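Report on the following structure.
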Amino acid sequence: MLRLLTRFIGLLLLAGGFIALIVDGTRSIAGGQLMVTTLRRGASALFPALFQSFQASVENLSAFLWDPVVSTLMLAPVCVALGGVGALLILVSHRESAPVGYGRR
Numbered sequence: 867m868l869r870l871l872t873r874f875i876g877l878l879l880l881a882g883g884f885i886a887l888i889v890d891g892t893r894s895i896a897g898g899q900l901m902v903t904t905l906r907r908g909a910s911a912l913f914p915a916l917f918q919s920f921q922a923s924v925e926n927l928s929a930f931l932w933d934p935v936v937s938t939l940m941l942a943p944v945c946v947a948l949g950g951v952g953a954l955l956i957l958v959s960h961r962e963s964a965p966v967g968y969g970r971r
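Encoded structure:
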């Protein structure tokens, strides 16, 4: 049951990453230049209050921790982040197959 739920969430995240890729591609074609939605821009547009509280809690935890988080994780494209996490969840939920020599005859 947990494997099914993990695979379903991974599939939804992978689909969300693909949709974000299509949206970024459409914006890039319409604008005539490469336009990529970062995690910071996407999170602040979708969940402004939650993003502000997340930023405040990280800054309260450690003042210098917010800058590396923004410079590394929050500047990643949404399509890469969602697609990567979705693919990772699908791979984790994959059932391991039996070794080749141990089957029925």
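Using this note's numbering, you'd call the opening residue of the sequence shown number 867 and step up by one each time. Glycine residues also receive a C-beta, built at the ideal position from the N, C-alpha and C atoms. All figures in this text were calculated on a predicted structure; none of them were measured in a lab.
Bridge partners - residue i, DSSP secondary structure assignment
{"i": "Pro934", "result": "Note: Pro934 sits in no beta bridge, so no partner."}
{"i": "Pro943", "result": "Thr904"}
Residue interval of the alpha helix (DSSP H) (run including residue i)
{"i": "Gly898", "result": "Premise fails: Gly898 is in no alpha helix (DSSP H) and is neither H nor E."}
{"i": "Phe913", "result": "Where Phe913 is concerned, there is no enclosing alpha helix (DSSP H), given that its DSSP letter is neither H nor E."}
8 Å contact criterion, which residue i and residue j should meet: CB distance rounded
{"i": "Val951", "j": "Leu879", "result": "5 Å"}
{"i": "Met910", "j": "Phe920", "result": "The residue asked about is misnamed: residue 910 is Ser in this sequence, not Met. Wrong, their Cβ atoms sit about 10 Å apart, outside the cutoff."}
Per-residue DSSP class, three states only, for residue i
{"i": "Arg873", "result": "helix"}
{"i": "Ser919", "result": "helix"}
Practice prompt. Please determine if the stretch 936-946 and the stretch 884-897 are in contact, where contact requires at least 3 C-beta pairs separated by less than 8 Å.
Written response: Contact between the stretch 936-946 and the stretch 884-897 is present, because at least three Cβ pairs lie under 8 Å.
Discussion item. Would you call the stretch 924-943 in contact with the stretch 899-914, where contact means no fewer than 3 C-beta pairs closer than 8 Å?
Written reply: yes
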